[in-house]
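Peer 1: Starting off with a structure, shown below.
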Amino acid sequence: MVQNKKNLGSRKQITFDLSQKALTEHYPRPKLSVNPTFYKKAYSDISRFMRKNGFEHRQFSVYTSIEKLTNTDINLLMDNLA
């Protein structure tokens, strides 16, 4: 039996736990920025990316897909985020 792609996968939830220390060390800082919390832009960057790719924001760093996705879809999404 051939399955329709609509029947494959399920809605997915992705939760991010970002290390504040790692962000301060590794998140790209604008050259002329004197803002000590520049790294918090990571949250809005992730939010923009997730919404653009079919996810809705639930709470804090939790996003849920609007459509059904496969594990392969999620792997590709995370590759694109990186």
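Residue 20 in my numbering is what sits at position 15 of the sequence shown, and the numbering runs on without skipping anything.
Backbone N, C-alpha and C define an ideal beta-carbon position, used for all residues, glycine too.
Ends of the beta strand (DSSP E) at F60?
Peer 2: Position 55 of the sequence shown, counting from 1, holds the residue named residue 60. Taken as a continuous stretch (DSSP letters only), the beta strand (DSSP E) holding F60 covers 60–64.
Peer 1: Enumerate in chain order the residues of its own chain whose CB-to-CB distance from I19 is below 6 angstroms, with the five nearest sequence positions on each side excluded.
Peer 2: For the purposes of this step, residue 19 is identified with residue 14 of the sequence shown, where counting begins at 1. Within the same chain, I19 has close Cβ partners Y68.
Peer 1: Does V7 come out as helix, strand or coil in the three-state DSSP assignment?
Peer 2: By 1-based counting over the sequence shown, the position of residue 7 is 2. With a pLDDT of 41 at V7, under the threshold of 50, the modelled position of this residue cannot be trusted; read the value that follows with caution. Reduced to three states, the DSSP call for V7 is coil.
Peer 1: I need the boundaries of the alpha helix (DSSP H) containing I51, first residue and last residue.
Peer 2: Looking up residue 51 in the sequence shown gives position 46. Its alpha helix (DSSP H) spans residues 46–57.
Peer 1: What would DSSP say about L13, mapped onto helix, strand or coil?
Peer 2: Against the sequence shown, residue 13 aligns to sequence position 8. If DSSP states are grouped into helix, strand and coil, L13 belongs with coil.
Peer 1: Whole-angstrom Cβ separation of S70 and L23, contact assumed at under 8 angstroms?
Peer 2: Working through the sequence shown from its first residue, we reach residue 70 at position 65. Working through the sequence shown from its first residue, we reach residue 23 at position 18. Not quite, the Cβ-Cβ distance comes to about 20 angstroms (not below 8 angstroms), so this is no contact.
Peer 1: Taking the alpha carbon of F43 as the reference point, which residue from L13, A27, R56 has its own alpha carbon closest?
Peer 2: In the sequence shown, residue 43 corresponds to position 38, counting from 1. Of the candidates L13, A27, R56, the one whose C-alpha sits nearest the C-alpha of F43 is A27.
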